[in-house]
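What follows is a single structure, written as C-alpha cells, with notes after it.
Residue numbers (this note's numbering), protein chains in the order written: chain A, 35 to 192; chain B, 66 to 674.
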C-alpha cells in the first residue's frame, strides 16, 4: 500500500464528497446535512453537532477509502472507472442499508413505529434516504461516484 | 365560508424573533411566513380568505371571545366561552436563550397551539389548510404515521403533529374532538430546511416549551428600566418591537405583513417586511431609553453591516441581512384584504432617494455612543461618508419620508434631517469623538440648511412650517423640527405650527393625518403622528396635562391587546395598514420617555399606571 498516496487522495476525495453533498443541499437536491446527522449522535447542540460531524465524516472517508485501496491493491489496478464502480456499490449500501439502519444506531433519531420522544426527535431517513428529499439518492450516488473516481484515478499502486 | 376578513385590529401577533404569525380573534392563523419574515407564506388568508390558507381551532357554535397576552410575554391566550363550556387556546412560537437551545433538540421553527378546557365541555373543530407560496401551492400532505403529517416541498419539510386525530379532506386536514374540563389537546407545526428535521413530541414537552417561552419573554421585559406612566402599554410596545426584530442579524422590520391596505379597498398596499433606515434614530432612542442596550447594539451593528456595500449612498430599506429587497411584484391571484388590490411583495421604495435617512443613521449612531464613548474606525468612516454625502446633495429634491411615488420635491423634513446629520457630526467632532471631517465645509452647509429651512419652509401667511420649501401644505412631521432639536418646542413658530397642524390635520384627539393629501383623501390618520404630538407637547410644546391627555387619547386607539397598525380610521377607529407597525410602537415608547422626563423635571412622576 502506498501510504502517502492514500493519505493525500483520501483527504481530497473526502473534501470533494463533503462539498458535493453540501452543494446538493444548497441547490435544493436534498435536505440531508451529513455532518449534522452524524454529529447529533454526540450532542443536540446544532452548531457543535455540525463541527463534530465534519470531523467524523473525514474519519469515515479515510476508513472507507482503505477499502477502496485494498481493492485496488488486490487487483493490482487503480483506475477512475474501477473507483467509480466501488463508489456506486458503496452509495447503494449507504442508501439501502446504512441510512435505514440509523434509527437503531443513532440515539436521537425517532422511531417510525413509536413516534418522537423527548430524547429521540430527529426525523429518520427512511429507505434510500427519501425522507430527506426525493432526490437524496441522486446526490448520495453522485457524491460517492466522484469519491471513488478520484481515489481510483489518482491513487498510485506501489 | 365567510369571505369577510376579520378587522385588522382583530388580529394578534406571535413570533420567535425570525418570523411571525397573525392569529385572528376567532382562533385562525391567517398569516405565517417561514423561515423568515419576508419568505413566502404558509398561511395567507389575511390577503385572500379563499385561497390564502389558514389554520383554525375553535369550539363549535357561537362563543364569546376574549383574549390577552400572558403578562409581559408574547404568548397569546384566546378564551372562548360557549353554552357548554369554556376553552382557552394558547398560541406561541417557542423561544428561549441560545444556551438553552444547545441543551436540547430544537426545531428550526415551530408554532404550538394548545387547547385547555377550563369549564364544562367543548366540541373542538380544527381546520388545517396550508397554501404555500402565497396560496399558489396546494401542498400534498402525507401521513407519516406516528411521526405526524408531512409536507415535503423540495428544500424544506413541514411537520404537523396533533393530539386530535386528523382526517384528510380536499383542502388539507381536519379534526374534531370533544374535550372535558381539565383536558388538554396540543398541536405543533414545525419547519425544517435541513435533514434530519427535528420532529417535536407533544405532551410534557409542550408545557416545558411554554414555560421556557414565558420565562424568556418575561426576563426580556424585566430588563426594561422604565418607571414612567403607562408602563404596561410601553412594555407591550417594546414586546411588539421585539417580535419585529430578526435575532440573527439585529435588523428590525417595519411590520410582519404585506399589503394590508391604508384604505380598505384602496391600492396603497405595500410590503413592510423589510428594515427601513428611516426608523433608525427612533429605534435606537427607544431601545436605549428603555435600557435595552444589547438590542440597541445589535441594531447598530446591523446598520453598519447593512450599509457597508452601498456607502456613501444609503438605500431606503434593506432586508434582514442587509441585502437589497427583491423587485416589487404584484400577486394578481390574491383577492387582497377585503378586496384591496394589488397585493405586492417586494418594495419599489428601495430605489427612491430619501435624504432624511442620513440624518436618521447619524442620529442613531449619536444616541448609541452617547457623549463619552469612543467611536471605532468603521463607525467614524461611515459617519464621515454620511457627512460628505449630505454636503454634496442636501439641496437636491427627493421622495421624502412618506415615499410618495411621484416627482421628487424639496421636502422640509428631508432638509431637517440633512441639518441633523451635520449638526450631530459637528457635535461629535467638538467632543473629540469624531476626527477627520471637513469641519468648515460641514459648518457652512449646516448654516445654509438652517437658513433655508427658516426662510423657505416657514410660511408667513399660514404662520406654519410647511411640508416642502415655499409650500402651502402642512405635514405632521413638522413637529419633528422640535423633536430633533432644530427649534425649541416652546418657540413661537413651533407653537403656531402645532396649532395649524392640530386644526387642519387633526380629526380627533390623539389622531393626526400625516399631511394634507391624506386629510383630503379621507385616508386614515397616521397613528405615529398622534404620538409625535404627545412627544412635542411633553418636550415643552404644551403643558404636562396636555401632553398626558394627547398620549392617553392616542393610546386609546390600540386594539384590545395594545397593538397598533400604521393608521387609524378616524370615523370607525379601525386599524388600517400593515400590522403591527413598528414605527407606531416606537412612537409610543419615545413619547412615553419624553413624558417621563417631563414629569421628572416637574417633580410629578406618577409611577406606573
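Quick reminder that beta carbons are idealized off the backbone N, C-alpha and C, glycines included. Given the structure is predicted, the values throughout are model-derived calculations rather than measurements.
Proximity test, Cβ basis, 8 Å: residue i and chain B
i                      : result
residue 73 of chain A  : no
residue 79 of chain A  : yes
residue 175 of chain A : no
residue 191 of chain A : no
residue 151 of chain A : yes
residue 62 of chain A  : yes
residue 144 of chain A : yes
residue 1 of chain A   : In the structure as shown, chain A starts at 35 and stops at 192, and residue 1 of chain A therefore has no counterpart that could be examined.
residue 15 of chain A  : Only positions 35 to 192 of chain A appear in this structure, which leaves residue 15 of chain A out of reach.
residue 102 of chain A : no
residue 67 of chain A  : yes
Selection from the options that minimises the alpha carbon distance to residue i
i                      : options                    : result
residue 356 of chain B : B/291, B/317, B/539        : B/291
residue 332 of chain B : B/641, B/238, B/666, B/653 : B/641
residue 74 of chain A  : A/64, A/66, A/65, A/86     : A/86
residue 230 of chain B : B/559, B/251, B/626, B/361 : B/251
residue 483 of chain B : B/124, B/459, B/225, B/468 : B/459
residue 320 of chain B : B/408, B/663, B/644        : B/644
residue 97 of chain B  : B/128, B/147, B/177, B/209 : B/177
residue 147 of chain A : A/153, A/141, A/137        : A/137
residue 639 of chain B : B/108, B/329, B/263        : B/329
residue 569 of chain B : B/164, B/133, B/587, B/278 : B/587
residue 114 of chain B : B/83, B/71, B/128          : B/71
residue 445 of chain B : B/373, B/412, B/346        : B/373
residue 215 of chain B : A/174, A/189, A/158        : A/158
residue 681 of chain B : B/375, B/239, B/199        : Only positions 66 to 674 of chain B appear in this structure, which leaves residue 681 of chain B out of reach.
residue 602 of chain B : B/660, B/557, B/647        : B/660
residue 549 of chain B : B/325, B/487, B/153, B/451 : B/487
residue 200 of chain B : B/370, B/391, B/383, B/109 : B/109
residue 599 of chain B : B/657, B/204, B/551        : B/657
residue 48 of chain A  : A/189, A/181, A/190        : A/181
Where the beta strand (DSSP E) containing residue i begins and where it ends
i                      : result
residue 190 of chain B : 174-194
residue 617 of chain B : Note, residue 617 of chain B: premise wrong, no beta strand (DSSP E); alpha helix (DSSP H) at 609-620.
residue 538 of chain B : Counting along the chain, residue 538 of chain B falls outside any beta strand (DSSP E), and DSSP gives it neither H nor E.
residue 676 of chain B : The requested residue 676 of chain B is not part of the displayed model; chain B covers only 66 to 674.
residue 256 of chain B : 249-257
Alpha-carbon to alpha-carbon, residue j and residue i
i                      : j                      : result
residue 624 of chain B : residue 650 of chain B : 12 Å
residue 609 of chain B : residue 530 of chain B : 24 Å
residue 70 of chain A  : residue 162 of chain B : 21 Å
residue 167 of chain A : residue 160 of chain B : 28 Å
residue 111 of chain A : residue 81 of chain A  : 41 Å
residue 432 of chain B : residue 79 of chain B  : 30 Å
residue 535 of chain B : residue 119 of chain B : 51 Å
residue 158 of chain B : residue 606 of chain B : 42 Å
residue 189 of chain B : residue 88 of chain B  : 17 Å
residue 479 of chain B : residue 187 of chain B : 57 Å
residue 186 of chain A : residue 162 of chain A : 25 Å
Exposure of residue i, with buried meaning 16 or more beta-carbon neighbours within 10 Å
i                      : result
residue 313 of chain B : exposed
residue 227 of chain B : buried
residue 133 of chain A : buried
residue 635 of chain B : buried
residue 665 of chain B : exposed
residue 416 of chain B : exposed
residue 466 of chain B : buried
residue 525 of chain B : exposed
Residue span of the alpha helix (DSSP H) that contains residue i, given as start and end
i                      : result
residue 298 of chain B : 296-308
residue 61 of chain A  : Residue 61 of chain A -> no alpha helix (DSSP H), and no H or E assigned at all.
residue 527 of chain B : Segment: none, residue 527 of chain B is in no alpha helix (DSSP H) and carries neither H nor E.
residue 80 of chain A  : 80-109
residue 115 of chain A : 114-127
residue 175 of chain A : 170-188
residue 724 of chain B : The structure shown does not extend to residue 724 of chain B, since chain B is modelled only from 66 through 674, so no value can be given for it.
residue 516 of chain B : 504-517
heavy atom of the ligand GDP below 7 Å from residue i C-beta
i                      : result
residue 621 of chain B : As far as ligands go, the structure on display features none, and thus does not contain the ligand GDP.
Within-8 Å CB hit, residue i to chain A
i                      : result
residue 237 of chain B : no
residue 232 of chain B : no
residue 210 of chain B : yes
residue 153 of chain B : no
residue 674 of chain B : Because residue 674 of chain B carries a pLDDT of 48, less than 50, the predicted location of this residue cannot be relied on, and no value is offered for it.
residue 264 of chain B : yes
residue 534 of chain B : no
residue 322 of chain B : no
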